[in-house]
Amino acid sequence: MDIEIKSQPFTLRELEKIKQDLISGKIRRFAAIVSHYKLGFTHNALIAWKKKAVSPLLSKKLKAEEFISHIYLRKSAPLWPYGLYTMIHARSKKELNTRIQELSKLMRGCGFKVLRTVREFKKTSFNPV
């Protein structure tokens with residue numbers, strides 16, 4: 031659902047309803063979704079790291095990087111030893127490569143694979159109705 035951009039997009043009654051739906055679990059979260067492509071972030075990559083666990087300090091450092099939009103920790107597999115994933119965004123190929131180098135230093139030589147975005151498919155929300 032698109033919400034009109036204005037100083038007060040919701041009435042107090044609507045805000046209370048959203049709050050109650052969050053508390054009851056009817057909705058898990060309420061957030062804006064930004065199109066990184068429309069903002070000029072046309073070079074993107076998912077970095078798969080050979081990491082099975084993340085320390086609280088490393089987690090904090092990764093979360094602080096503004097160019098990382100998603101961080102996932104998954105089970106690795108014998109033929110795919112990568113367990114940590116970071117999605118990064120940049121405005122140019124050069125900037126993307128710089129970001130990858132920065133993360134590589136932060137990860138202290140941890141092995142990784144760069145999976146660059148080739149094409150973005152339309153994102154849709156699940157709507158069971």
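Just so we're aligned, residue 31 is where the sequence shown starts under this note's numbering, counting upward by one.
Ideal Cβ placement from N, Cα and C applies to all residues, glycine included.
- The beta carbon of Leu92 sits closer than 7 Å to the beta carbons of Ile98, Ile101 and Thr116 from its chain, once the five residues preceding and following it are set aside; these are given in chain order.
- Contact annotation: Tyr67 and Glu125 have beta-carbon atoms that are not nearer than 8 Å.
- Sorting Asp51, Ala62, Gln50 and Glu46 by C-alpha distance to the C-alpha of Ile35 places Ala62 at the top.
- Taking 8 Å as the upper bound for CB-CB distance, Lys81 and Leu109 are not in contact here, some 17 Å apart.
- The closest CA to that of Trp79, considering only Lys49, Arg146 and Ser134, is found on Ser134.
- Check the Cα spacing between Val144 and each of Ile57, Lys90 and His73: the tightest is with His73.
- Here Ala75 is buried, its C-beta having at least 16 other C-beta atoms within 10 Å.
- Unbroken alpha helix (DSSP H) stretches of 4 residues or longer found wholly inside the stretch 41 to 113: 42 to 54 and 86 to 94, given in chain order.
- Beta-bridge partners assigned by DSSP to Arg146: Ala75.
- Phe40 counts as exposed, since fewer than 16 other beta carbons sit within 10 angstroms of its beta carbon.
- In the DSSP assignment, no residue is bridged to Ile33.
- Taking C-beta atoms as the reference points, Ile77 and Phe142 count as a pair closer than 8 Å.
- For Ser134, the enclosing alpha helix (DSSP H) begins and ends at Lys123 to Leu136.
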